[in-house]
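Novice:
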Amino acid sequence: MADITLHKDNGNSTTEIPNRFIDEYMTNANGEFVKIYLYLLRCMNSPNCSFSISRTADRFDHTEKDIQRALKYWEKMNLLKLEYNEDKSICGIYFLESDADSPKDDAVPLKKADSAAPPAGQKAKALEKTVYTAGDMAAFQEKEEVRELLFVAESYLGRPLTSTDIQTMLYWYDGLGLCSDLIVYLMEYCIAGGHSSLHYMEKVAISWKESGIETVEQAKRSVNTHSKLHYAVMKALGIHGRSLIPAESAYIEKWSKELGFGQDMITEACSRTILSIHQPNFEYADRILLNWKKQNIRTAADIRKADESFQAAKTAEKTVRRTAAANRFNSFPQRAYNLDQLNQLEAELLNSAH
1 MADITLHKDN
11 GNSTTEIPNR
21 FIDEYMTNAN
31 GEFVKIYLYL
41 LRCMNSPNCS
51 FSISRTADRF
61 DHTEKDIQRA
71 LKYWEKMNLL
81 KLEYNEDKSI
91 CGIYFLESDA
101 DSPKDDAVPL
111 KKADSAAPPA
121 GQKAKALEKT
131 VYTAGDMAAF
141 QEKEEVRELL
151 FVAESYLGRP
161 LTSTDIQTML
171 YWYDGLGLCS
181 DLIVYLMEYC
191 IAGGHSSLHY
201 MEKVAISWKE
211 SGIETVEQAK
221 RSVNTHSKLH
231 YAVMKALGIH
241 GRSLIPAESA
251 YIEKWSKELG
261 FGQDMITEAC
271 SRTILSIHQP
281 NFEYADRILL
291 NWKKQNIRTA
301 ADIRKADESF
311 QAAKTAEKTV
321 RRTAAANRFN
331 SFPQRAYNLD
341 QLNQLEAELL
351 NSAH
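Written out as C-alpha cells, the structure reads:
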C-alpha cells in the first residue's frame, strides 16, 4: 500500500503534542481526560484563548467536577501543577515537561480567566542533575568501563545513543554513583517490564539511590519484594491485562513506605474497595488505609476489633431509633373509655332506632 503524505495549511496555528504524551500517557488515560489535556494545550498555543473551568465544562458538556477530576489526574501524572486560591479554587495551571519528575522554575503557566497569574513552581528535584560538557563526556568515555556500559545500552535500546542519552547515563554513573553492573541490571529489569524509556529508567535509578541500593543483589531483592506487592494489589483489585500506571504504583509505594503497611493490610484494603464500589479504585483504597493509619489499626486483629466496634455502634443506633419511634407513638394522648357508659350509649342508640 502506498505511503500517505500528510499536509497542513501553514497559515493556521498549530498545537504541539509531545510524543511522550502519546506513547506513554495517552494509552492508559480516560478518553475524556485526554480531551481536556489536549484542549489545555490548544489554549496555551492561542494567545487570545482564555480558560475557565465553567466554560470548559460547557464546551465538553461535562460538569465542573469532571473538569477538575481531569486536571487532578494530569497533576498526579506530573504533567500539570495546579495552584489554588485561599478558598481552595484553582487559580492557575502550570504545564510541566513530560519527562519531568517535578515542577521546574521555567514551567509555563496557563492563566485562568479572571484570576492573577500564580507564582512560579518552587518544588525542585530531589537529586540535582549534572550537565556534562563535551569534554566531560569524552573524558568519561576514555574509561573502558564506561565504553562497555554505553555499548551495552545501545544493544539493549536497539539504536545509537544520542548526546542526551549519554548525559543521562553518565548522571546515573557519576551523579548517582551507581556502578556499571547495577546500571546494566537496571536496564535489563526495566526493558523486561516493557519500559525502554530512559526517563522511566532514571526514575527507578533515583529510587534505588534514595533506598540505598548499591549492588545487583540488593536490587534483585528489592525488585522481588516490589513485584510481589504489585502483583498482590493487582490481584486484589481484579486488574488484568495491563501494567500499573505510574500514579497507581505511587499509591503502592505510599502505602508500604510512607504509611508502613504490610502486604496483608494493603490487599485487605483493596479487597474492601472492590466489595464496596465493585471496581478498582486506588483513591478509595487510599482513604481506607489513611483511616486505619489515623486509628492506629496495624494488624488483622485490629481490623476485627474495629469491625466489631462498628457493628456494635450500628446496632445500638438502630435500637435508639426504634425506641425513639415507639416513644413518639406512645406520646399521643390515649382515650379512656368506661364499659358501662358504652353499653348505655349502645342501648340508647337501639331504642332511638325504634
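Using my numbering, you'd call the opening residue of the sequence shown number 1 and step up by one each time.
Where is the CB? At the ideal position from N, CA and C, for every residue including glycine.
Bear in mind that the values here come from a model prediction, so they are computed numbers and not experimental data.
(1) Which residue's Cα is closest to the Cα of Gly-212: Met-234, Glu-83 and Cys-179?
(2) Let's test the definition: count the other Cβ atoms within 10 Å of the Cβ of Thr-14 and tell me whether it reaches 16, buried, or not, exposed.
(3) Would you kindly check if the distance between the Cβ of Ile-274 and the Cβ of Tyr-284 is under 7 Å?
(4) Hey, would you say Ala-269 sits closer than 7 Å to Leu-289, going by beta carbons?
(5) Excluding five sequence neighbours on each side, which residues of the same chain lie with their C-beta closer than 6 Å to the C-beta of Arg-362?
(6) Would Ala-232 and Gln-279 be called neighbours here (beta carbons separated by less than 7 Å)?
(7) Give me, in chain order, the residues of the same chain whose beta-carbon lies closer than 7 Å to that of Trp-255; leave out the 5 immediate sequence neighbours on both sides.
(8) On the DSSP bridge assignment, give the partners of Leu-80 in chain order.
(9) Taking the alpha helix (DSSP H) that Gly-194 belongs to, which residues open and close that run?
(10) CB Glu-64 to CB Ala-70, shorter than 7 Å?
(11) Just to confirm my understanding: we take Ile-17, look at its own chain, exclude 5 residues before and 5 after, and list those with CB closer than 8 Å. What are they?
(12) Can you tell me whether DSSP reads Ile-277 as helix, strand or coil?
(13) Is it right to say Val-356 is buried, meaning 16 or more other beta carbons lie within 10 angstroms of its own, or is it exposed?
(14) Quick one, which of Ala-192, Ala-250, Thr-215 and Glu-210 has its alpha-carbon nearest Leu-229's?
(15) Does the beta-carbon of Tyr-84 have 16 or more other beta-carbons within 10 angstroms, so that it is buried, or is it exposed?
(16) Can you check DSSP and say which residues form a bridge with Ile-356?
(17) Less than 8 Å between C-beta atoms, sequence neighbours within five positions excluded: which residues of the same chain meet that for Lys-72?
Specialist: In terms of the structure at hand:
(1) On the sequence shown, position 212 is the one that residue 212 refers to. If we check each option's Cα against that of Gly-212, Cys-179 comes out closest.
(2) Position 14 of the sequence shown, counted from the first residue, corresponds to residue 14. Answer is exposed; the Cβ neighbour count stays below 16.
(3) To locate residue 284, count along the sequence shown from 1; it is residue 284. To locate residue 274, count along the sequence shown from 1; it is residue 274. Not a contact, by the Cβ cut-off of 7 Å.
(4) Translated into the one-based positions of the sequence shown, residue 269 becomes position 269. Translated into the one-based positions of the sequence shown, residue 289 becomes position 289. Cβ distance < 7 Å, so Ala-269 and Leu-289 count as in contact.
(5) Only positions 1 to 354 of the chain appear in this structure, which leaves residue 362 out of reach.
(6) Translated into the one-based positions of the sequence shown, residue 232 becomes position 232. Translated into the one-based positions of the sequence shown, residue 279 becomes position 279. Not a contact, by the Cβ cut-off of 7 Å.
(7) On the sequence shown, position 255 is the one that residue 255 refers to. Excluding residues within five positions, the ones whose Cβ falls inside 7 Å are Phe-261, Ile-266 and Leu-289.
(8) For the purposes of this step, residue 80 is taken as residue 80 along the sequence shown, with counting starting at 1. Partner(s): Phe-95.
(9) Taking the sequence shown and counting its residues from 1, one reaches residue 194 at position 194. Unbroken run through Gly-194: none, as it is neither H nor E.
(10) The sequence position of residue 64 within the sequence shown is 64, counting from 1. The sequence position of residue 70 within the sequence shown is 70, counting from 1. Cβ distance not < 7 Å, so Glu-64 and Ala-70 don't count as in contact.
(11) For this step, residue 17 is matched to residue 17 along the sequence shown. So the qualifying residues of the chain are Leu-38 and Leu-41.
(12) As a working note, residue 277 is residue 277 in the sequence shown. Correct three-state label for Ile-277: helix.
(13) The structure shown does not extend to residue 356, since the chain is modelled only from 1 through 354, so no value can be given for it.
(14) Counting from one through the sequence shown, the residue named residue 229 turns up at place 229. Considering only alpha carbons, the answer is Ala-250.
(15) Here the question's residue 84 lines up with position 84 in the sequence shown. Classification for Tyr-84: exposed.
(16) Given that the chain is displayed from residue 1 to residue 354, the structure contains no residue 356 and the question cannot be resolved.
(17) By 1-based counting over the sequence shown, the position of residue 72 is 72. Only Leu-82 meet the Cβ criterion.
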